[in-house]
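*Asks:* Per the working numbering, the very first residue in the sequence shown carries number 144; after that it's consecutive. A virtual CB, placed ideally from N, CA and C, is assigned to each residue, including glycine. Pasting a structure below so you can have a look.
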Amino acid sequence: MDSGHTSEEFYLRDSVRTAVKILVVGHFGVGKTTFVGTLSEITPLRTEETMTQAGAHVDDLGGVPDKVTTTVAMDFGRLTLSEDLVLYLFGAPGQQRFMPLWRDLTRGALGALVLADKRRLDHSFDVIGLLEEHGLPYAVAVNDFPGAPEFPATEIREALDLLPETPLVTCDARDRTSSAEALISLAQYLLSRTVQEHA
Ligand SMILES: Nc1nc2c(ncn2[C@@H]2O[C@H](COP(=O)(O)OP(=O)(O)O)[C@@H](O)[C@H]2O)c(=O)[nH]1
Ligand SMILES: [Mg+2]
144 MDSGHTSEEF YLRDSVRTAV KILVVGHFGV GKTTFVGTLS EITPLRTEET
194 MTQAGAHVDD LGGVPDKVTT TVAMDFGRLT LSEDLVLYLF GAPGQQRFMP
244 LWRDLTRGAL GALVLADKRR LDHSFDVIGL LEEHGLPYAV AVNDFPGAPE
294 FPATEIREAL DLLPETPLVT CDARDRTSSA EALISLAQYL LSRTVQEHA
């Protein structure tokens, strides 16, 4: 197989003892596939389909007119963090019609990173509502798209109705360092909650 990957990258190291499932969620066109692709060490599994005319009335193209694919199920990627710890990233669709997937998707997940777009923060309400419904802790990463208005963090928090402890960071899903930092803010938050629970 000539995919540019070595078997080292495909197979999980024998030393891995802990696998953690993290969701990367957000509305249509917010950067989930990009984010998982940027961080994954394996070729991400993508379930994208070319949008058909039939989907035209349900997939809101506002703000992303040149987007021709949409995630129909999810993205899947892997990130080995240390000898014994591996993260599995599940990019989950935010469209209303995929909501039945969420029960299965949230099962076993430690937390979620919500990708948000400042140009349409209201589009994140559904996804945040679902996370709260499922009791899954989350951090919010605002992706900077060209032409996005400049909002102070306090206004974004207010618009999304975030708790004071919910991490809010900015992120460029196309950039590995920036995406990793967003994931780290989620990990630190999850860890601080675990420490509190055991205090
Ligand atoms: N400027 C900018 N563009 C992004 C960012 N993340 C994704 N994009 C672009 O936005 C479009 C939609 O991204 P995609 O990952 O397909 O969104 P998805 O529907 O959430 O999977 C693509 O053209 C990406 O290149 C980001 O952080 N900043
Ligand atoms: Mg996608």
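With G272 as the anchor, note down where its beta strand (DSSP E) starts and where it stops.
*Replies:* Taken as a continuous stretch (DSSP letters only), G272 belongs to no beta strand (DSSP E), being part of the alpha helix (DSSP H) at 268 to 276.
*Asks:* When you compare the stretch 244 to 255 with the stretch 220 to 228, are there three or more beta-carbon pairs, one atom per stretch, that lie closer than 8 Å?
*Replies:* Contact between the stretch 244 to 255 and the stretch 220 to 228 is absent, because fewer than three Cβ pairs lie under 8 Å.
*Asks:* Suppose the cutoff is 8 Å on Cβ atoms and the five residues either side in sequence are ignored; what does the same chain contact list for D318 look like?
*Replies:* Result list for D318: T181, in chain order.
*Asks:* Can you check whether the C-beta of V229 is within less than 8 Å of a C-beta belonging to chain D?
*Replies:* Among the protein chains of the structure shown there is no chain D, as only one such chain exists.
*Asks:* Is T186 a contact residue of ligand 1, with contact defined as CB to any heavy atom under 7 Å?
*Replies:* No, Cβ of T186 sits at least 7 Å from all heavy atoms of ligand 1.
*Asks:* Would you call the CB atoms of A325 and V312 closer than 8 Å?
*Replies:* In this structure, V312 lies closer than 8 Å to A325 by Cβ.
*Asks:* By a C-beta neighbour count over all protein chains shown, 10 Å radius and 16 as the cutoff for buried, is M242 buried or exposed?
*Replies:* Exposed.
*Asks:* What I want to know is whether the C-beta of D315 ends up closer than 7 Å to one or more non-hydrogen atoms of ligand 2.
*Replies:* D315: no, Cβ never under 7 Å from ligand 2.
*Asks:* Using only the heavy atoms of ligand 1, determine whether one of them is closer than 7 Å to the beta carbon of F219.
*Replies:* No; taking the cut-off as 7 Å, the Cβ of F219 has no heavy atom of ligand 1 nearer than that.
*Asks:* Exposed or buried, which one is P289 when buried takes at least 16 other CB atoms within 10 Å?
*Replies:* With fewer than 16 Cβ atoms within 10 Å of its Cβ, P289 is classed as exposed.
*Asks:* Have a look at L279, V285, F294, I327 and flag the residue whose alpha-carbon is nearest the alpha-carbon of G172.
*Replies:* Nearest of L279, V285, F294, I327 to G172, Cα basis: V285.
*Asks:* Out of curiosity, what's the CA-to-CA distance linking S158 and L224?
*Replies:* Their Cα atoms are separated by approximately 12 Å.
*Asks:* Below 8 Å on the Cβ atoms is my guess for V179 versus L232; work out the distance and round it to an integer in Å.
*Replies:* The pair is a contact, with the Cβ atoms about 5 Å apart (cut-off 8 Å).
*Asks:* At the level of alpha carbons, what is the spacing between C314 and T177?
*Replies:* For C314 and T177, the distance between alpha carbons rounds to 12 Å.
*Asks:* Can you name the start and end residues of the beta strand (DSSP E) that D260 belongs to?
*Replies:* 252 to 260 is the span of the beta strand (DSSP E), which, as asked, contains D260.
*Asks:* Can you determine whether any heavy atom of ligand 2 sits closer than 7 Å to the C-beta of T176, and answer yes or no?
*Replies:* Yes; taking the cut-off as 7 Å, the Cβ of T176 has a heavy atom of ligand 2 nearer than that.
*Asks:* For I271, I'd like the list of residues in its chain whose CB is within less than 7 Å of its CB, leaving aside the five on either flank, ordered along the chain.
*Replies:* The residues are V257, L303.
*Asks:* Excluding sequence positions up to five away, which residues of its chain have a Cβ less than 7 Å from the Cβ of E184?
*Replies:* Same-chain partners within the cutoff: E152, R221, L222, T223.
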